[in-house]
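Reading through the structure tokens given below for one structure.
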Amino acid sequence: MLIDINEANARAITAIQAAQPIIKGIGTCGEVVPGMKKNLILHAGPPITWEKMSGPMRGAVIGGLMYEGLAGSQEEAEKLAAGGSIEFSPWHEHDGVGPMAGVATASMPVWIVENKSNGRCTFCTLNEGLGKVLRYGAFSKEVIERLIWIEKVLGPVLKEALTHCREINLKNMITQALQMGDEVHNRNKAATSLLIRELAPAVVKTSFKNEEKEKVLSFIHSNDHFFLNLSMPACKAMLQAAEWIDGSTIVTTMSRNGTEFGIRISGLKDRWFTGPALIVKGLLFPGFNDEDCNPDIGDSAITETCGLGGFSMAAAPAIVKFVGGSVGDAMNFTRKMYEITDAESDSFHIPPLDFRGSPLGINLLKVCEKNILPQINTGIAHRLPGVGQVGAGLVNPPAKCFEDALEAYVETWCKDL
Amino acid sequence: MSDLNNIFKQTIKVINIGIPSFAQDLTQQGIMNVHVDWRPPAGGNRKIQALLEKVNQWQEKVRAARGKK
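For the protein sequence lines, the chains are C and R, in the order given.
Just so you know, we're using this note's numbering here: the first sequence kicks off at 2 and counts up by one.
Just so you know, we're using this note's numbering here: the second sequence kicks off at -16 and counts up by one.
If you want it as structure tokens, here you go:
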């Protein structure tokens, strides 16, 4: 085929730049997510079996089964998960994303984000907060009770509140948050504040009891990462617009399941290219050490794939207090990512770099030629199920993902004319 | 040989290509230098270099074929 790679990649970049992700509403996972069913568990990263799942992923599956009432105990859940009647599938293959373990089950409420430029929707669960939470593999009574409260109160209150407020354009909100020191992966303080500013008056107008409204607003207020579960589906919606363009070498997915890191390339459709997930280097909470850390996990690297997160760390110097490194490192991470990307975002600007657009459109060929791997910042889960988060830090994908993708690209496209 | 000896009698200005620590050592000794951040393509990985070359050759053929149309 007479495909010019630069033209194919320009098409992909144009589609990403044109995307306008907005909050469409909140729905029930089993009702709105394509292909979702009662015995299916969605998870982060590339496809994986129960046998190969890491501790935090297994913990989240156990918690998900207990939350759904499909298992009454850890032992029952483990037996059920290993028995074959429960199916597992990556969020990315259902138009969604999940932070850390990313486990979602049929009854969970999900954000529905619509890209107004193409009408397609993406999905993500509602953020539970930090510490002992399902996405880090915790499944204690308090975790399950919080999930039930999210289903019975938080989701319904926000769903009704969204009918009382003006349309929330997530791209605009992320643009503002970058001017306020966020990079919307591990720092969502400003974005969460901007969101609550929009939602609070609408929450007050809902028909729920005052104590429920107060608890909803307090919950969002107490959780600086609440916006993460919106920045992720917003990024997914933007990148989804670049799927699948013949001959394009733009990376549309980077995600991890705690065992493997997987990428997908625009011109190679839905094929996964995987390698072992690496250990995250960073700052650990008191009482934990390197041996407690699980390898890299979560779909949140969708933010880096979209030029945010580790790619925009120069916009968020305060984040080094959470993930480690110096402010100079943060500046250099962003500068380096321009070497492996094809464009600069029209919307996301980085104040300390004289408002330069964030590095956008990871080009497989540039990653391989320059031998520079994408820079990701991320949370760290305990390697055992049931414990939760132990810190945050910095990590790269394994080079194998990109090398295998390049080989497949040559086999697929570089035919004799 | 005499030309080489003359070089060291002048103020030395160095362009360092590749390994940063060479430039850092010169800086510590007060020698003027400019560092160029260069690495061999694909980090020297022959297999990846060969694959990238196939992509380049394919693109040259595409451009040639399009030019003929």
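Ideal Cβ positions, reconstructed from N, Cα and C, are used throughout, including at glycine.
It should be emphasised that the depicted structure is a prediction, and the values quoted were computed from it without experimental measurement.
Residues, ordered as in the chain, of the region 368 to 379 of chain C that lie near chain B by beta-carbon distance below 9 Å | Included in the structure are the protein chains C and R, with no chain B among them.
Scan the region 145 to 218 of chain C and note each continuous alpha helix (DSSP H) run of 4 residues or more that stays entirely inside, going in chain order.
-> 156 to 163, 171 to 180, 190 to 205, all fully within the region 145 to 218 of chain C.
Using the rule of at least 16 other Cβ atoms within 10 Å of the residue's Cβ for burial, across every protein chain shown, is Q7 of chain R buried or exposed?
-> The residue in question, Q7 of chain R, is exposed, as its Cβ has fewer than 16 Cβ neighbours within 10 Å.
In the region 311 to 381 of chain C, which residue ranges form an unbroken beta strand (DSSP E) of at least 3 residues, counting only runs that do not cross its ends?
-> Listed in chain order, they are 342 to 351, 357 to 363.
Closer than 7 Å by beta-carbon distance: list the chain R residues that pair up with V411 of chain C, in chain order.
-> Those within 7 Å of V411 of chain C in chain R are L34, K37, V38.
Does any heavy atom of the ligand GDP sit closer than 6 Å to the C-beta of E261 of chain C?
-> Because no ligand of any kind appears in the structure shown, any question about the ligand GDP cannot be addressed here.
Is the Cβ of L269 of chain C closer than 7 Å to any Cβ of chain R?
-> Output row for L269 of chain C: interface = no.
Buried or exposed for H165 of chain C, please, with buried defined as at least 16 other CB atoms from any protein chain shown within 10 angstroms of its CB.
-> With fewer than 16 other beta carbons inside 10 angstroms of its own, H165 of chain C counts as exposed.
Compare the C-beta of I0 of chain R with all C-beta atoms of chain C and state if any pair is closer than 7 Å.
-> No, I0 of chain R lies away from the interface with chain C (no Cβ there is under 7 Å from its Cβ).
Beta carbon proximity, C415 of chain C to chain R, threshold 7 Å = For C415 of chain C, the answer is yes, since a Cβ of chain R falls inside 7 Å of its Cβ.
Residues bridged to Q1 of chain C (per DSSP) | As shown, chain C starts at 2 and ends at 418. That puts residue 1 of chain C outside it, with no answer to give.
Which bits of chain C does P24 of chain R rub up against, with CB to CB less than 7 Å?
-> Per Cβ cutoff of 7 Å: E370.
Using the C-alpha atoms, what's the distance from L240 of chain C back to D20 of chain R?
-> Computed Cα separation, rounded: 31 Å.
Mind checking if L3 of chain C is an interface residue toward chain R, Cβ cutoff 7 Å exclusive?
-> With its beta carbon less than 7 Å from one in chain R, L3 of chain C belongs to the interface.
Segments assigned beta strand (DSSP E), at least 3 residues, entirely inside the region 236 to 307 of chain C = With a minimum length of 3 residues, the continuous beta strand (DSSP E) runs that stay inside the region 236 to 307 of chain C are 252 to 258, 261 to 266, 274 to 277, 282 to 285.
Are the beta-carbon atoms of V158 of chain C and V217 of chain C separated by less than 7 Å?
-> Yes. Within cutoff.
Enumerate in chain order the residues of its own chain whose CB-to-CB distance from D293 of chain C is below 7 Å, with the five nearest sequence positions on each side excluded.
-> H383, R384, V391.
Is there at least one Cβ from chain C nearer than 7 Å to Q29 of chain R's Cβ?
-> For the record, residue 29 of chain R in the displayed sequence is Arg; it is not Gln. Among the CB atoms of chain C, none fall inside 7 Å of the CB of R29 of chain R.
Chain R contacts from the region 133 to 160 of chain C (Cβ-Cβ distance under 9 Å) = Look at the region 133 to 160 of chain C: it has no residue with a C-beta under 9 Å from a C-beta of chain R.
Do H44 of chain C and G103 of chain C have their C-beta atoms within less than 7 Å of each other?
-> Going by C-beta atoms, H44 of chain C is nearer than 7 Å to G103 of chain C.
Neighbourhood of A107 of chain C by C-beta distance below 8 Å, restricted to the same chain and skipping five residues each side = A distance below 8 Å between beta-carbons, with the five flanking residues on each side excluded, links A107 of chain C to the following residues of its chain, in chain order: T29, C30, G31, M37, K38, K39, L41, E69.
Is the Cβ of A6 of chain R closer than 7 Å to any Cβ of chain C?
-> Not one chain C Cβ lies under 7 Å of A6 of chain R.
Three-state secondary structure assigned by DSSP to E88 of chain C | Strand at E88 of chain C.
Per DSSP, what kind of secondary structure is F220 of chain C in: helix, strand or coil?
-> Under the three-state reduction of DSSP output, F220 of chain C falls in the helix class.
What distance in whole Å lies between the Cβ atoms of D347 of chain C and G362 of chain C, which are believed to be in contact at a cut-off of 8 Å?
-> Not really, about 12 Å apart at Cβ, beyond 8 Å.
Could you tell me how far apart the beta carbons of I246 of chain C and G268 of chain C are, in whole angstroms, since I believe they sit closer than 8 Å?
-> Right, the Cβ-Cβ distance comes to about 6 Å (below 8 Å), so this counts as a contact.
Quick one: residues in its chain with C-beta nearer than 7 Å to the C-beta of H222 of chain C, no 5 flanking neighbours on either side, listed in chain order?
-> Here H222 of chain C has I197 as same chain residues with Cβ atoms under 7 Å from its own Cβ, once five neighbours each way along the sequence are excluded.
Assigned exposure category for G1 of chain R - 16 Cβ within 10 Å defines buried | Its Cβ having fewer than 16 others within 10 Å, G1 of chain R is exposed.
Could you work out which residue in C:L354, C:S219, C:L284, C:E340 is closest to A316 of chain C when comparing CA atoms only?
-> Out of C:L354, C:S219, C:L284, C:E340, C:L354 has the C-alpha closest to the C-alpha of A316 of chain C.
Cβ-Cβ distance between A116 of chain C and P22 of chain C below 7 Å = Correcting the residue type first, residue 116 of chain C is Asn in the shown sequence and not Ala. Contact: yes.
Coil, strand or helix - A432 of chain C by DSSP | No statement about residue 432 of chain C is possible, as the shown extent of chain C runs from 2 to 418 and does not include it.
What are the residues that DSSP puts in a beta bridge with W112 of chain C?
-> Per DSSP, C:I27, C:C125.
For H44 of chain C, write down the residues that DSSP places opposite it in a beta bridge.
-> Paired residues: C:P91.
Relative to the C-alpha of I303 of chain C, which residue among C:T193, C:N211, C:T123 is closest?
-> Minimum Cα distance to I303 of chain C is reached at C:T123.
Would you kindly work out how many angstroms separate the C-alpha atoms of N224 of chain C and D271 of chain C, rounded to a whole number?
-> Looking at the backbone, the Cα of N224 of chain C and that of D271 of chain C are separated by about 34 Å.
Using a Cβ-Cβ cut-off of 7 Å, state whether W41 of chain R counts as contacting chain C.
-> Taking a beta-carbon distance threshold of 7 Å, W41 of chain R counts as an interface residue toward chain C.
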